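Encoded as structure tokens, the structure appears first; notes follow it.
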Amino acid sequence: IDECKDSNPCSIGTCINLSGDYSCKCPKGYKNDDKNQKSCIKHNPSNRWKIILLPVISLGVCAGLLVLLIGISWIYWGMHRRKIMKLKEKYFKENGGLLLQQQLAIQRSSMEVTKIFTAEELEKATNNYHESRVLGEGGYGTVYKGVLPDNKVVAIKKSKIGVSTQKEQFVNEMVVLSQINHRNVVRLLGCCLETPVPLLVYEFITNGTLFEHIHNTKDKGSPLSWELRLKIAAETAGALAYLHSSTSMPIIHRDVKTTNILLDGNYRTKVSDFGASKLIPLDQTQLTTLVQGTLGYLDPEYFCSSQLTERSDVYSFGVVLMELLTSKVALSFDRPEKERNLASFFVWSMEVDRLNQILDDEIVKEGNIETLRNAADLARRCVRLKGEDRPTMKEVAMELEGMRIMAKHPWGKADCPEETEYLLGSGKSDAYVVDVTADCGHPSAKPNCPDRCGDLTIPYPFGVNEDCYMGSDYFINCAPNGTAFLRNSNIRVTNISVDLGEIQIQQYLTYDCYTEEGEHRYNIPELWLTPPYTISGAKNKFMAVGCDTYAEFQGYRPNQNLPFIAGCMSQCLGLDSVDENSCSGIGCCQTSIPDGLKNRTVYLKSYNNHTYVMDFNPCSYAFIVQEGQFNFSGNASFQQLANVSELPMVLNWDIGDESCDVVAEKKNSSCMAHTKCVNRTIGNQAPSGYICQCLPGYYGNPYHPDGCLDVDECKDSNPCDIGTCVNKPGDYTCKCPKGYKNTEDLKKCIKKNTNTPIKVAMGVIAAFFVLLVVFFFLYCAMKRRQFKKQQDKFFKQNGGLFLRQQLASYNGSVEAAKIFTEAELEKATNNYNEERKIGEGGYGVVYSGNLSADHHNKVVAIKKSKVNNPIAETQSLEFVNEVIVLSQIHHKNVVRLLGCCLETQTPILVYEYISHGTLHDHIHRKDNKYPRLPLDLRLKIAADTAEALSYLHHYTEPPIIHRDVKAMNILLDHKYTAKVADFGASKLVPDQDEGKLSTLVQGTLGHLNPKYLQSHILPEKSDVYSFGVVLVELITSQKALSSNKKSEVDRNLANAFVHAMKESRLNEILDAEIAKEGEGFEKVVETVADLANRCLRLRGEERPSMKEVAMELEGMRIMAKHPRGKADPEETEYLLGSAKSDAYRVDVTADCGHPSGTNSGYDSMQIQMLMSYGDGR
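Going by UniProt numbering, the letters in the sequence shown line up with residues 1 to 1177, in that order.
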């Protein structure tokens, strides 16, 4: 059959007939089916690649879309970020950022010394500026309380929107505060420039303003005592004196008032609000400005003339002092017209002798009338109309410090901080007052029972009526005159503590007196105690006072009925040999006593019936006294004890005679609800009884039938940084808002992590780009690694790790100084050319350098330590220490650190250039390079140096001990202003370590404190000794240590000087040229020599402090200006010492002479210590 004849069975192609069959011939592009030849199918050799390429193409398309989406998102976010950056730049300019940068550059400071906060950080810290966080509000804006992520509490100052003058004040406050480092000035922690309004971040001062405390506007509790008011005035005056006289550029506050004086928890003063302050160049004494300040405090002379001087602050401070004296506001339209202005009314009241009518009645009742009158007179002088008639703030501060010394009670709590003394009560009370009065209205006595006897609060288990006390042992016999007695005895009770189980009583003194006629008068009081009362050994001490005295104390242990005997002996040959403020056997002796004694008797004996001391010490005294209630102070204590018959003593008391376990088993404990039982034990003995105390989170009287009450932690403040405080019995929890969750202890709220899905998605997208850039970063990292290793090597060699550790521990910042590159310093010194060398010593070399135009072509001194020196490691630690110390200091008499370089093999420091050499060069005049210094200039240099050291010891936080004070380390500028330099050996001393810092000895022989050399214990008065040697060099023009002298005693200048003073040979050792300057200067030179002699005493406690030395030298300078004339009594009476007494007179008369053996012991010891040493450091 021909299948191809009639029709074509091949749909595609040509039909070909075959025998018994057919096939199809396929056209181009087609092929026969693999199964038969009867059909054609399309032939495509790349079909197998389609299977592979199709997913790849699809993935590529998706990736392209993803890249496109990411690119669009990236562009959007970039535009959004750019918009935010532009907005921030706009705010930065509006907030005065450019002006701030310019001002800081002019002052050579840096914003990097403070932290730059973001807007988000401060919003979170203040709970989005919640109203509950508002601390204060005024014309400048609002202050909020904030809590930073490290739980540090701060104050955040936010100015009002749209007030351009507030922005200028913001910039001004930043510039001013960057110049200040003083413990009585509020500290600026940082700022924020990202918001429409500028923000400043300060340390948080917890106790409000002085205005609130004086006028009790926010119920701050009991009014301030006069002692505390005087302390606040002295600290404020000291801070203002620092601003006027000691900063590198004087600062005038311009708005001194009580609302700008803050008080911390210890009632330490903090001067604040520097928005109106002005920096005054050193060559100007006044400045013409727009008048700014507060009416009532504003200086009338400044108001009329617009001429601003330092005395404008003096006027304002005088008004503050008047507020402290009168408790009246500075300006009040509620008072009669004559009395509206406090300053005018106060001056008028003094003129008509009506001062007592205007003073605060409460402080008048405290006594100290003479001190009040002196303070009032000082306030009157501060507000004189003519500024030139007012004292300087430095003189005001010195006067107030002198008043504080005079106002102290001879046996006040001198050992305790004054802040604590105020918090714990007056001289008649102590910490127990806090225990009783802290209950804030919670009843302390049994229901329906009186809770007071006179001024004494009577808490249960004590009581004055039957059924009001737990048992007869706790009966308080209240006399009609309000005097409280223990049970039916004559033991007078003055305080009761239920929390500590203690009671304060008044006990008679034992005395033993003799007369020239042979009469003998004595008193031997006895104290008989029965359980539950015993004498507290921890809170009392046994003391005896006299110059021919042996005292003995006899008591008994209640459980063992064994006697206990203790005693001490006190001798002296004269009042001038008595150690002031020391009770070590010369005029006074003391010893401790054990806990748990009863029935005490004190006996006194005299070896020679006071025969040899009759003319100055006819009586001896002995007593047990509460710690801190009597402090021996030499002759003043003898006089006071003659007029005192009683002193306070502390007794322990407990409940019953069984332990807590026993009473718990018997279920007859006296501890009520929410209390705990505490065993009263003595040593290893079985408990003698127990006392009760409130559980944590509760307060009140643990013996009261109602028990202790729950403390509502949420009542006054919100302890929850975020969220709502919920009070619970004995505790509290925080209820967190939406988006936050509790921590494990339920006392904090932390943010929930709600961004996880978004982060995952962004992470997947970002991974695509990470793969593209990872190889680039690896390449860069390998290149940087080699460079980093070299940098790390030099960083470690230069003490970088130690520097970082030290700065972290002292909260300092090396960024306060400029970090120079090696290339900059090589260019500045012409590659350390020999011609640029200005000094060389064991530490290395100092070069003069000229910085580039970027640094205002400034001339600097560049200090570079030696390479390959055997002590190079020690030197790097010294360089690190010098950076740390100098970064803490802002004082016109301290050489200023401008920066450092850590890129080199040796550390390099950059200082301001002091053009006129060292004091050593000027005194000893090698090659007659410098002219001879006259006496008045030497006094000025000594006073400048003493003021700088006083600042380091008393006003920096923490205090700084220089350790290498010598003439070589005192530089002079072209105006002969002293600049203390070389802080490589200095030490920062935390408050708790003052006087007991153990170190390796470091310093310069001839200037080194012998006591420090012997004991390795570094007190601040080591610098006083070294400064004393400098004083001796100034008046003798001799070197501190000279091997050319024949006599070994004369080789050491301090030794030779002390011998000359002792043997009245001062004129032989003085510089002959000084003696020729005139007869009027002889007294000044003798006074300086006496001061130097006291500075060189062997025992550190007998030396004056640098603060006292600086005050004396300032007084001497004034005296030297008028050697024959009579100084203005109002201006210099305090400085030079008058019949009214002051700090200067205290300094001079504090040395009541030495025992005859003191100086000789000093000489011999110092000679032995120095004989084997050569000259060197």
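Heads up, the beta-carbon is just placed ideally off N, CA and C, and yes, glycines get one too. This structure is a prediction, so every number in the text was calculated from the model and none was measured.
CB residue i to CB residue j, shorter than 8 angstroms?
i	j	result
T259	N184	no
residue 1185	L355	Past the edges of the chain, shown from 1 to 1177, lies residue 1185, and the structure says nothing about it.
C734	G723	yes
I261	E310	no
K1033	I923	The question names Lys, but residue 1033 in the sequence shown is Glu. Result yes, Cβ atoms of E1033 and I923 sit closer than 8 angstroms.
I914	L972	yes
A544	Y621	yes
L597	F564	yes
Q554	R600	yes
V650	Q626	yes
Below 8 angstroms CB to CB, which residues in the same chain sit around residue i once its five sequence neighbours on both sides are set aside?
i	result
E646	R492, Q506, Q507, Y508 and L509
L135	V143, Y144, K145 and A155
Please tell me whether, using a cut-off of 7 angstroms, the distance from the CB of residue i to the nearest non-hydrogen atom of the ligand COA is below it.
i	result
Q626	Although the ligand COA was asked about, the structure shown includes no ligands whatsoever.
So the candidates are the options; which of them puts its Cα closest to the Cα of residue i?
i	options	result
N727	L122, L746 and P737	L746
I524	D512, T611 and I655	D512
Y1025	P461, D1050 and L1098	L1098
L1053	D455, G20, S1064 and A1092	A1092
M322	I84, K25 and L378	L378
C40	D353, A63 and I12	I12
A397	E1114, M1119 and A1120	E1114
R557	K929, P531, V545 and D579	P531
L177	A239, T118 and K152	A239
Y847	N490, R896, K605 and E912	E912
Just how far apart, CA to CA, sit residue i and residue j?
i	j	result
A978	A946	10 angstroms
K1021	L988	14 angstroms
R785	E903	16 angstroms
N833	N857	18 angstroms
A1056	G839	30 angstroms
P705	D661	21 angstroms
S426	N581	Here S426 scores only 31 on pLDDT, less than 50, and its place in the model is too uncertain to base an answer on.
residue 1178	F333	Nothing can be reported for residue 1178: it is not among the residues displayed for the chain, which extend from 1 to 1177.
D473	V678	20 angstroms
G537	H962	40 angstroms
S865	E822	14 angstroms
Y76	K124	27 angstroms
K1083	K940	17 angstroms
A343	Q307	21 angstroms
L148	E131	18 angstroms
Q1002	K541	38 angstroms
R268	E835	52 angstroms
E1077	L935	8 angstroms
D1023	C1095	9 angstroms
H891	L949	10 angstroms
H409	L290	Confidence at H409 is low in this model, with a pLDDT of 42, below 50, so its placement is unreliable and the value that follows should be read with caution. Answer to the nearest angstrom: the Cα atoms are 47 angstroms apart.
Taking 6 angstroms as the limit between beta carbons, can you name the residues of its chain near residue i, skipping five residues before and five after?
i	result
I363	W226
G1161	Residue confidence for G1161 is low, a pLDDT of 36 falling below 50, so the modelled location carries little weight; the figure read from the coordinates is stated next. Nothing listed; no residue qualifies.
Y522	D512
Among all the DSSP beta bridges, which residues are the ones paired with residue i?
i	result
residue 1184	The displayed coordinates of the chain run from 1 to 1177. Any statement about residue 1184 would go beyond what the structure contains.
E903	For E903, which the question treats as bridged, DSSP gives no partner whatsoever.
F274	Bridge partners of F274: none, in fact.
N477	F485
S514	Here the sequence assigns Tyr to residue 514, which means Ser is not the residue at that position. Partner(s): H520.
Y603	E552
Y930	None, per the DSSP bridge assignment.
Which same chain residues end up closer than 7 angstroms to residue i when comparing Cβ atoms and leaving out the 5 residues on each side of it in sequence?
i	result
Y297	V256, K257, S316, V319 and A330
I1167	Interpretation of I1167 is limited by its pLDDT of 31, a score under 50 that renders its predicted location unreliable; the figure taken from the coordinates is listed afterwards. If we look at I1167 and ignore the five residues flanking it on each side, its Cβ neighbours are E1048, V1049 and N1055.
R1051	L1041, S1042, S1043 and K1045
C572	C547, V578, I586 and G587
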